[in-house]
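These protein sequences, in sequence, are chains C and Z.
Residues 10 to 465 (this note's numbering) make up the first sequence, in order.
Residues 10 to 465 (this note's numbering) make up the second sequence, in order.
Yeah, the Cβ is synthetic: ideal placement off N, Cα and C, and Gly gets one too.
There are 2 protein chains.
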Amino acid sequence: MSKRKLLLLFILAFSQTFAQKNDSIFIRKIYDQALSEGHSYEDLRSLCKDVGARLSGSSQAEMAVEWGKNKLQSYNFDKVYLQEIQVPHWERGTKESAWVKTKEGKLISLKILALGGSVGTNGTLRAELVVFHSLDDLKKAKESDVKGKIVLLNQPFDEKMVNTFKAYGACYPIRGDGAVEAAKLGAVGVVVRSLGSSQDLHPHTGSMHYEDKVNKIPAAAIATEQADLLDNLSKKEKLEFIFELDCKSLPDVKSYNVIGEITGTEFPNEIITFGGHLDSWDAGEGAHDDGAGIIHSIEALRILKALNFKPKHTLRVVLFMNEENGNKGGLTYAAWSKEKGEKQIAALESDRGGFAPRGFSCDGSNEQVALLQTFQKTFEPYELHVFEKGYGGVDINPLKSSFEGIPLFGFVPDSQRYFDFHHAESDVFESVNKRELELGCAAVSSMIYLLDSYVK
Amino acid sequence: MSKRKLLLLFILAFSQTFAQKNDSIFIRKIYDQALSEGHSYEDLRSLCKDVGARLSGSSQAEMAVEWGKNKLQSYNFDKVYLQEIQVPHWERGTKESAWVKTKEGKLISLKILALGGSVGTNGTLRAELVVFHSLDDLKKAKESDVKGKIVLLNQPFDEKMVNTFKAYGACYPIRGDGAVEAAKLGAVGVVVRSLGSSQDLHPHTGSMHYEDKVNKIPAAAIATEQADLLDNLSKKEKLEFIFELDCKSLPDVKSYNVIGEITGTEFPNEIITFGGHLDSWDAGEGAHDDGAGIIHSIEALRILKALNFKPKHTLRVVLFMNEENGNKGGLTYAAWSKEKGEKQIAALESDRGGFAPRGFSCDGSNEQVALLQTFQKTFEPYELHVFEKGYGGVDINPLKSSFEGIPLFGFVPDSQRYFDFHHAESDVFESVNKRELELGCAAVSSMIYLLDSYVK
C-alpha cells in the first residue's frame with residue numbers, strides 16, 4: 010500500500026472515530042436535557058388532564074389541536090402551522106349496557122365498550138350467544154349455528170409470545186373483521202374479547218370495519234375476564250346475550266395535523282418527519298396511546314433546539330390526527346408533501362407507548378437497516394439493543410408510496426405492559442413512569458440527530 | 010490439515026451447534042412454562058398478601074419461613090429443609106411523628122419512617138434544623154454549625170444516571186453513615202432524604218449503622234418532596250424540627266434460611282446456589298424487594314422440575330433471611346456449606362425487582378464473564394442484552410471468601426421503576442406486572458439450566 014493510501018485510510022478511520030465520539034458527546038447532552046431539564050412529564054400531564062381523551066371529530070380533539078399548536082409555539086420552533094384534513098366522526102353515545110341471562114333467568118351485568126365505527130343496537134338487542142375462539146373458527150361455522158345469534162369471539166393473547174405486539178397482531182382479526190364475518194352467517198351482533206394481555210375487567214375498544222353488501226351489525230368489546238366467564242357458562246347452558254348501544258357515525262368533520270419545524274441549514278427542502286398521533290380512543294386519557302408518542306416527538310425537537318443544534322435538513326414534528334379510525338392525517342400529510350415538491354428523506358414514529366426504550370425498527374432496504382445498526386454502539390450506554398428490520402408506524406406509512414425508497418423508523422419501547430392500557434380506561438397519565446417517558450424522549454431526539462447526520 | 014483433524018473439527022463444530030440448538034429448544038420450553046403455566050404471580054400474591062412485610066425477627070418473618078417451607082414442599086423438590094440462623098431484632102414501635110415549625114410558629118406535619126436500626130427519640134425531640142446536600146458537605150461542616158441541631162441530609166438521586174442503581178449507590182452514604190457523621194459533630198438527630206427516583210410523598214426506610222464511641226442519635230427518612238420543602242424553607246428562615254420515634258433494638262432471635270434442592274445426578278456435592286431474600290422492610294409488602302427474587306428462584310426450580318430436567322449438579326434454591334439488616338442468612342449459609350465440605354461452583358441472586366429482564370451480571374474472572382457472554386445469543390429472542398461484569402448480590406457475596414474462584418451472577422431487570430417502590434409503602438403486589446415477573450422467572454430458570462450445563 011502506498012503511503013498516500015495509508016494516510017488516507019488513517020484520516021478516514023480517524024474522522025469516523027472522531028464523528029462517533031462527537032455523536033456520543035452530543036447524545037449524552039440530549040439525555041442530560043431529557044432527564045434533568047425535561048418538559049415531557051409535565052407536557053404529558055397537561056395533554057392528559059387539560060385535554061383528556063381526544064377521539065377524531067370530538068370537541069376534545071379540537072382542543073387537542075389548540076393544545077398542540079400552543080405547545081409547539083411555546084417552544085419557538087421556526088415554523089408552527091396547522092394542516093387541514095377531513096376526519097370521520099363517530100360518537101359513542103350514552104347507552105352502553107350489556108347483560109347475560111342464564112337458563113334459570115339469572116342476570117349478570119357486563120361491562121362493554123362499543124367498537125369504534127359500530128352501529129347502535131336500535132333499542133335493546135337480545136339473542137342466543139354462540140362462542141368461537143378465532144375468526145377462522147367462525148368462518149368455518151355453519152350458517153344454521155350462527156343465524157339470528159350474537160357471536161362472542163373469545164381469542165386470548167398467546168402469552169408465550171415474548172413481544173406482546175405479536176400477540177396483538179394475531180388477535181387483531183377478531184376485532185377488525187369479526188362483525189363482517191359474523192354478519193355473513195346471519196349473526197345479529199358481535200362481542201369480541203378485549204385485545205389485552207391481562208385478565209382484568211377493563212374492556213378495550215378499537216377500530217372495526219364493515220363491508221358493502223354485508224349487513225352492519227353492532228359490535229362491542231368485553232373485558233377478558235368476562236369473556237372467559239361467558240365462554241365457561243356457555244359450555245354448560247344456553248345463554249341469552251342482551252345489549253344496547255346508541256353509538257353512531259356522523260358526517261366527516263374538519264380537523265388538523267399540527268406541525269412544527271426547525272428549518273434545515275443546508276437542505277431546507279429535504280425533510281425528516283417524525284411524530285405520533287394526537288387523536289386517541291375515548292376511554293382513558295390516551296396517555297400511552299399515543300400521548301407518549303406526541304410528547305416523545307415534541308420533546309425530541311425541543312431538546313435539539315435547547316442544545317442549539319442546527320440541522321442540515323428540515324426537522325419536522327407532526328402531531329397526526331385520526332390514526333385510530335381512518336388515518337386521514339397520515340394520508341393527507343404524505344399527499345400534501347409530495348404535491349409541494351418536498352423531498353422526504355426519512356420518517357420516524359413513536360406509537361408503542363411510553364415505556365423504557367429498547368431500540369428502533371426500520372422499514373427499509375437492507376442498506377438502510379444496516380445504517381440503523383451502525384447506531385447500536387452509540388446507544389449502548391442508554392440500554393438500547395433492538396436495531397432491526399421492522400414496522401415504522403401507521404401515520405408515516407403513506408409516505409412510502411409517495412416517496413420511493415424512504416426509510417421509516419419505529420421507536421421500540423418495552424412491550425410488556427402496553428396492552429394492559431391500550432384503548433382502555435386504564436390508559437391514563439398515572440400509568441406512565443416519568444423516567445421511562447424521559448428516556449424515550451432522549452432516544453427519539455438522539456435518533457433524529459443521527460438521521461440528520463447520516464441519512465442520505 | 011489431516012483429514013482426521015478436519016473430521017474432528019467438524020464434529021466439534023457440529024456438536025457445539027447441536028448443543029446450542031438443544032439449549033434454544035429447552036429454553037423455549039422454560040419460557041412457555043413460565044408464561045402460560047406459571048405459578049409465579051399467584052405465589053407472589055400469596056407471599057405479599059398472606060404473609061405481608063417480613064422484617065427479620067418479626068412474627069411475619071416467622072410466618073414467611075413457614076410459607077417458604079410449605080411452598081417448596083408443595084413442589085416436591087428432592088430436599089426441603091430449614092437452616093437455623095440468629096438474626097437482629099429491631100422494632101419500629103408505634104410512635105413515628107414529625108413536624109417542622111416555622112419562625113412564625115406554623116406547624117407542618119411530616120411523614121417519616123425511622124431508619125432500620127435507629128434508636129428512639131426518648132420522647133419528643135426538637136432542635137434547629139440544619140441542611141446539607143451530601144455526606145461530604147456534612148463532614149466539612151464546623152462543629153458549631155451542627156452541635157445540638159438536627160441534620161437534614163438532602164441529596165437527590167442524580168437523574169442523569171441511566172441505571173438507577175448507580176444513583177442509589179451515590180446517595181447511599183447519607184442513609185448508611187449519616188447518623189455517625191452528624192453525631193461526630195454533636196448533632197442530636199438526623200433526617201435523610203429518601204433514596205428514591207421520584208418526587209413523591211413516600212418515605213423509604215433502609216438500614217443505617219452506628220459506631221462505637223460515637224453518640225447514637227435517632228435517624229429517619231423523609232419523602233423526597235418533603236425534604237425539598239424543608240430545604241427551601243430553611244433558606245428563608247430558621248426551622249425547628251420536631252420528631253418522636255420509639256423504635257428499638259432487641260436481643261437477637263432465632264430464624265431460618267429456607268432451602269430446597271434437586272440433587273445432582275453426576276456431581277451431587279457440587280452445588281449451584283440461587284435465591285433471593287425472604288425478609289423485607291416493614292413498609293409495603295416487600296413485593297419487588299425481594300418478593301420477586303424469592304419467586305424468581307422458586308419458580309426457576311419448579312419449572313426445571315416440571316420439565317423433568319435432571320441436573321448434573323445439585324440445584325439449590327435458598328430463601329435467605331435477613332439480607333436487609335445484617336445479612337446473617339448469607340453469612341451463615343456460606344460458612345455452613347464450607348464446613349460441610351460442599352463444592353459451590355456458581356451462585357446467582359435476584360434482588361433488583363420484578364421488572365422486565367435485561368440480562369445478567371457476573372462477579373468473576375474474565376473467563377467467567379466470557380462464558381456468560383456466550384449465553385447472549387441464546388437469550389436474544391427473549392430481549393435480554395446485558396451480559397457483563399458486575400455485582401452478584403448481598404446474600405451470595407459471602408460465598409466468595411469461602412469458595413475461591415466461584416462466579417457470582419446477578420439477575421438484571423430493568424432499573425427505571427425500582428426506586429419508586431424500594432423500602433416504601435408502595436412496594437406492594439399490585440406494583441408488580443404479571444408478565445414482567447414471569448419473564449424474570451424464565452430468565453433465571455434458563456440461566457440455572459445453562460450454568461448446570463457449562464460451568465466447570
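For residue 299 of chain Z, the closest alpha carbon among the candidates Z:216, Z:135, Z:132 and Z:427 is that of Z:427. From the listed residues Z:256, Z:340, Z:458 and Z:393, the smallest Cα separation to residue 127 of chain Z is found for Z:256. For residue 44 of chain C, at least one C-beta of chain Z is nearer than 7 Å to its own C-beta.
Going by DSSP, residue 155 of chain Z is part of the alpha helix (DSSP H) stretching over 152-155. Beta-bridge analysis with DSSP links residue 90 of chain C to C:268.
In this structure, residue 401 of chain Z keeps its C-beta atom at 7 Å or more from the C-beta atom of residue 447 of chain Z.
Using a Cβ-Cβ cut-off of 7 Å, residue 169 of chain C counts as an interface residue toward chain Z, since at least one Cβ of chain Z sits closer than that to its own.
Counted as a single uninterrupted DSSP element, the alpha helix (DSSP H) harbouring residue 339 of chain C occupies residues 337-348.
When Cβ pairs closer than 8 Å are counted between the two stretches, the stretch 92-99 of chain C is seen not to touch the stretch 314-325 of chain C, the count staying below three. In its chain, beyond the 5 residues on either side, 164 have a beta carbon closer than 6 Å to the beta carbon of residue 143 of chain C. Bridge pairing for residue 116 of chain Z: Z:110 [DSSP]. Under DSSP, residue 281 of chain C forms a beta bridge with C:324 and C:355.
In the DSSP assignment, residue 220 of chain Z falls outside any beta strand (DSSP E) and carries neither an H nor an E. Its chain contains 387 as the residues whose beta carbon lies nearer than 6 Å to that of residue 32 of chain Z, once the 5 sequence neighbours on both sides are disregarded; these appear in chain order. When DSSP assignments are scanned along the stretch 146-190 of chain C, the uninterrupted stretches of beta strand (DSSP E) that are 3 or more residues long and fall wholly within it turn out to be 159-162.
With contact defined as three or more Cβ pairs closer than 8 Å, the stretch 343-356 of chain Z and the stretch 69-87 of chain Z are not in contact. For the stretch 236-254 of chain Z, the beta-carbon criterion of a distance under 8 Å to any beta-carbon of chain C is satisfied by none of its residues.
Where residue 444 of chain Z is concerned, the enclosing alpha helix (DSSP H) starts and stops at 443-463. Under the three-state reduction of DSSP, residue 143 of chain Z is assigned to coil, being neither helix nor strand. Contact between residue 404 of chain Z and residue 339 of chain Z holds: CB atoms are separated by about 4 Å, below the 8 Å threshold. Identification of chain C residues near residue 207 of chain Z by a Cβ-Cβ cut-off of 9 Å yields 442, 443 and 444, ordered along the chain. Residue environment: residue 241 of chain Z is assigned as exposed (fewer than 16 neighbouring CB atoms within 10 Å of its CB, all protein chains considered).
Taking 7 Å as the threshold, the shortest C-beta distance from residue 461 of chain Z to chain C does not fall below it. The CB of residue 425 of chain C comes closer than 8 Å to the CB of 365, 442, 444, 445 and 448 in chain Z, given here in chain order. Counting only residues of its own chain and dropping the five nearest sequence neighbours on each side, residue 297 of chain C has a CB closer than 6 Å to the CB of 362, 363, 430 and 436. No Cβ of chain C is located within less than 7 Å of the beta carbon of residue 50 of chain Z. A direct Cα-to-Cα measurement between residue 253 of chain Z and residue 227 of chain Z gives close to 9 Å.
The beta carbons of residue 197 of chain Z and residue 132 of chain Z sit about 12 Å from each other, so the pair does not count as a contact at 8 Å. Around the C-beta of residue 205 of chain Z, 16 or more other C-beta atoms lie within 10 Å, and the residue is accordingly described as buried.
One thing to note: residue 190 of chain C has its Cβ no nearer than 7 Å to the Cβ of residue 151 of chain C. Interface criterion met: the Cβ of residue 391 of chain C is under 7 Å from a Cβ in chain Z. Distances from the CA of residue 381 of chain Z to each of Z:173, Z:295, Z:459 and Z:185 were compared; the closest alpha carbon is that of Z:459. In the three-state reduction of the DSSP assignment, residue 95 of chain C falls in the strand class.
Put simply, of C:291, C:287 and C:376 the residue whose alpha carbon is nearest the alpha carbon of residue 302 of chain C is C:287. Only residues of its own chain outside the window of five on either side were considered, and among them 424 have a CB closer than 6 Å to the CB of residue 174 of chain Z, listed in chain order. Under the three-state reduction of DSSP output, residue 390 of chain C falls in the helix class.
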